[in-house]
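Student: The structure is given below, and queries will be raised subsequently.
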Amino acid sequence: MGIVAVKNLLEEGFDVASFTDFPFPVGTSTFCTAKEVESYLEAYVEHFGLRPHFCLSTSVRSVSREDDGRWRLDFENRPSEWFDKVIMATGPHIKPMMPVLEGAELFTGRFIHSKAFKRPEVFSGQRVVVVGLGNTGSDIAGALVGHASEISISHHHGAVIMPRLLDGVAATSRISYRFINLQGMLNRLFPKFAERLYNKTARQIMSDAFGKVDPAWGLDPALSVLVANPVISDTLIANLRSKAVLSIKGIRGFLGGRQIELTSGEVIEADAVICCTGYKNDFGLLEKAYDPSSMPSPSWLQAPGSKNRPYPRLYQNVFSMRAPDSLAFLGCVWFVTGAFCLADLASMCIAQVWSGKASLPPRSTMQQWVDKQEKRICTLAQSGAVIPTAVPPSEWLSWADKTAGTGVEENVGWGWKGWIFWWRERKLWKMVMDGPFTSAFWRLFPGRRRRWDGARAEILRLNKEVEESRAKAKLLAAEKAIKEKEA
Numbered sequence: 280m281g282i283v284a285v286k287n288l289l290e291e292g293f294d295v296a297s298f299t300d301f302p303f304p305v306g307t308s309t310f311c312t313a314k315e316v317e318s319y320l321e322a323y324v325e326h327f328g329l330r331p332h333f334c335l336s337t338s339v340r341s342v343s344r345e346d347d348g349r350w351r352l353d354f355e356n357r358p359s360e361w362f363d364k365v366i367m368a369t370g371p372h373i374k375p376m377m378p379v380l381e382g383a384e385l386f387t388g389r390f391i392h393s394k395a396f397k398r399p400e401v402f403s404g405q406r407v408v409v410v411g412l413g414n415t416g417s418d419i420a421g422a423l424v425g426h427a428s429e430i431s432i433s434h435h436h437g438a439v440i441m442p443r444l445l446d447g448v449a450a451t452s453r454i455s456y457r458f459i460n461l462q463g464m465l466n467r468l469f470p471k472f473a474e475r476l477y478n479k480t481a482r483q484i485m486s487d488a489f490g491k492v493d494p495a496w497g498l499d500p501a502l503s504v505l506v507a508n509p510v511i512s513d514t515l516i517a518n519l520r521s522k523a524v525l526s527i528k529g530i531r532g533f534l535g536g537r538q539i540e541l542t543s544g545e546v547i548e549a550d551a552v553i554c555c556t557g558y559k560n561d562f563g564l565l566e567k568a569y570d571p572s573s574m575p576s577p578s579w580l581q582a583p584g585s586k587n588r589p590y591p592r593l594y595q596n597v598f599s600m601r602a603p604d605s606l607a608f609l610g611c612v613w614f615v616t617g618a619f620c621l622a623d624l625a626s627m628c629i630a631q632v633w634s635g636k637a638s639l640p641p642r643s644t645m646q647q648w649v650d651k652q653e654k655r656i657c658t659l660a661q662s663g664a665v666i667p668t669a670v671p672p673s674e675w676l677s678w679a680d681k682t683a684g685t686g687v688e689e690n691v692g693w694g695w696k697g698w699i700f701w702w703r704e705r706k707l708w709k710m711v712m713d714g715p716f717t718s719a720f721w722r723l724f725p726g727r728r729r730r731w732d733g734a735r736a737e738i739l740r741l742n743k744e745v746e747e748s749r750a751k752a753k754l755l756a757a758e759k760a761i762k763e764k765e766a
């Protein structure tokens with residue numbers, strides 16, 4: 280996240296010490312490996328010449344503001360330095376969240392966070408309990424199959440399970456710019472109806488993909504998709520159905536030795552417990568007065584879904600309310616889309632505001648947005664462990680489009696520019712509106728931020744790739760149906 284901030288600030292003439300215009304290489308797998316992401320980031324740095332602006336192998340101890348308005352950074356093994364502006368790009372996965380369970384000190388097996396899980400063969404022949412029914416929990420449970428002697432997923436609530444691919448392409452490929460805008464309109468006008476519709480659609484996708492769900496698995500009732508993301512897994516249902524993975528109740532506490540008591544009163548034994556319970560932001564490097572989470576409201580603290588996590592009070596989840604002219608944050612905006620794209624858009628906004636090419640509204644307006652956002656998150660947190668940094672997609676993208684100056688809304692909207700684009704470029708217009716929500720179209724149109732000449736070709740390539748994948752999936756489905764009919 281810090282990498283893309285450096286790049287966008289350099290484009291606006293900032294001297295910084297610290298992805299919409301740099302696609303993954305053709306042929307990269309849909310679900311990238313860690314190695315592919317590493318190679319991509321290395322290539323990004325080299326392509327934009329960012330390496331001279333990095334200071335690696337350096338730990339920051341604290342960030343504080345001086346009386347003259349500059350920011351002082353104290354380091355572990357080098358002298359302090361002063362800067363005019365600071366972007367906190369430490370991201371949302373800083374501190375592992377471990378559940379507080381009674382008697383944990385009595386457990387004689389391994390009790391670890393998923394962050395410490397590296398290789399499934401380490402648990403060969405062991406009875407393993409995976410805590411948490413989410414993406415990480417389902418992935419680790421699947422990885423343990425064939426290694427651990429017994430695998431159980433412990434969870435307190437149900438979940439919606441979705442396959443990785445729908446019609447041969449990533450499930451998120453169904454999310455388009457038009458879909459996000461329609462979703463935003465429904466949320467504003469008919470919020471209850473919209474939520475029921477989303478949940479019903481998610482359940483239908485699950486049913487179509489996996490068939491009937493066994494009540495013994497405890498997947499019902501599932502939390503609303505507005506509160507908890509669907510679990511994306513091709514293997515979890517199959518593993519539950521074959522009993523390669525067992526579904527058990529939540530953990531009440533440890534009884535000593537290898538014994539664990541569940542909330543149902545059942546006592547089981549395990550050799551290892553792996554907590555797939557997520558992470559939380561940490562703004563502890565900042566001087567407390569500028570830590571956006573230092574004064575949590577009673578509404579957040581009392582919400583069952585807050586789970587002792589920090590809640591950052593930031594304008595549009597990007598700009599500090601105390602010092603918006605010199606302190607901003609990346610990694611505090613979330614909704615279902617690519618993390619690189621969100622970080623890129625947010626950093627474009629920061630660069631435009633700090634360069635004076637865009638402006639923030641009056642403080643009172645900013646405060647109204649912050650209060651409204653907190654109320655929304657606290658309401659969702661009454662039902663479950665909502666992501667504290669989740670923002671309304673349509674609303675946030677509209678703000679980012681105007682602030683970053685990407686020109687998307689005015690070129691695909693109902694204004695004269697929108698009609699001209701529709702008339703001259705109908706195929707491309709439809710791809711922008713209804714094609715996969717690719718980050719490239721944020722660099723397609725002229726605007727305040729730098730345009731990318733390759734955006735058009737990238738949008739065409741991605742849409743062609745998606746259509747070819749769908750056609751291939753349809754052909755395979757037809758062949759399968761013929762074989763089943765013949766059998």
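Quick note, this note's numbering runs 279 ahead of the 1-based positions in the sequence shown. Heads up, the beta-carbon is just placed ideally off N, CA and C, and yes, glycines get one too.
Under 7 Å Cβ to Cβ from Ser417, same chain only, skipping five residues before and after it: list those, please.
Tutor: Same-chain partners within the cutoff: Val510, Ser512 and Leu515.
Student: Under the rule that 16 or more other beta-carbon atoms within 10 Å means buried, what is Cys334, buried or exposed?
Tutor: Per the 10 Å Cβ criterion, exposed.
Student: Look at the alpha carbon of Ala719 and the alpha carbon of Phe619, and state the distance between them as a whole number of angstroms.
Tutor: So the alpha carbons of these two residues sit roughly 12 Å apart.
Student: Please report how far the alpha carbon of Leu445 lies from the alpha carbon of Gln483, in whole angstroms.
Tutor: 12 Å
Student: Taking its Cβ as the centre, do 16 or more other Cβ atoms sit within 10 Å of Thr337, making it buried, or is it exposed?
Tutor: exposed
Student: Please say whether Ala507 and His436 have beta carbons closer to each other than 9 Å?
Tutor: Yes.
Student: Tell me whether the beta-carbon of Gln595 lies closer than 9 Å to the beta-carbon of Val612.
Tutor: Cβ distance < 9 Å, so Gln595 and Val612 count as in contact.
Student: For the alpha helix (DSSP H) containing Arg475, name the first residue and the last one.
Tutor: According to the DSSP assignment, Arg475 belongs to the alpha helix (DSSP H) that extends over Pro470 to Phe489.
Student: Measuring straight from C-alpha to C-alpha, what distance separates Met712 and Ser486?
Tutor: 28 Å
Student: Let me know if Gln581 comes out buried or exposed under the rule of 16 or more other beta-carbons within 10 Å of its beta-carbon.
Tutor: With fewer than 16 other Cβ atoms within 10 Å, it is exposed.
Student: Go through its chain and collect everything with a Cβ distance to Trp675's Cβ below 6 Å, but skip five positions before and after it.
Tutor: none
Student: For Ser543, which option in Arg531, Asp550 and Ala551 has the closest C-alpha, if you only look at C-alpha atoms?
Tutor: Arg531
Student: Which one of Cys628, Arg642 and Ser748 has the shortest CA to CA distance from Arg729?
Tutor: Cys628
Student: Following the continuous alpha helix (DSSP H) through Ser626, name the residue where it begins and the one where it ends.
Tutor: Ala618 to Trp633
Student: Can you round the beta-carbon distance between Ile430 and Ala551 to whole angstroms, since I take them to be within the 8 Å contact cut?
Tutor: The pair is not a contact, with the Cβ atoms about 10 Å apart (cut-off 8 Å).
Student: Nearest to Ile366 by alpha carbon, out of Pro672, Arg351 and Leu380?
Tutor: Arg351
Student: What did DSSP end up calling Tyr319 once you bin it into helix, strand or coil?
Tutor: helix
Student: What are the boundary residues of the alpha helix (DSSP H) that includes Gln405?
Tutor: It is not in any alpha helix (DSSP H) - Gln405 carries neither H nor E in the DSSP assignment.
Student: Quick check on Asp353: does DSSP put it in helix, strand or coil?
Tutor: strand
Student: Arg467 to Ala669, Cα distance in whole Å?
Tutor: 16 Å
Student: Is Val649 helix, strand or coil by DSSP?
Tutor: helix
Student: Excluding five sequence neighbours on each side, which residues of the same chain lie with their C-beta closer than 6 Å to the C-beta of Ser343?
Tutor: Arg351 and Glu566
Student: Helix, strand or coil, according to DSSP, for Gly504 in the structure here?
Tutor: The sequence shown places Val at residue 504, not Gly. DSSP places Val504 in coil when its eight states are reduced to three.
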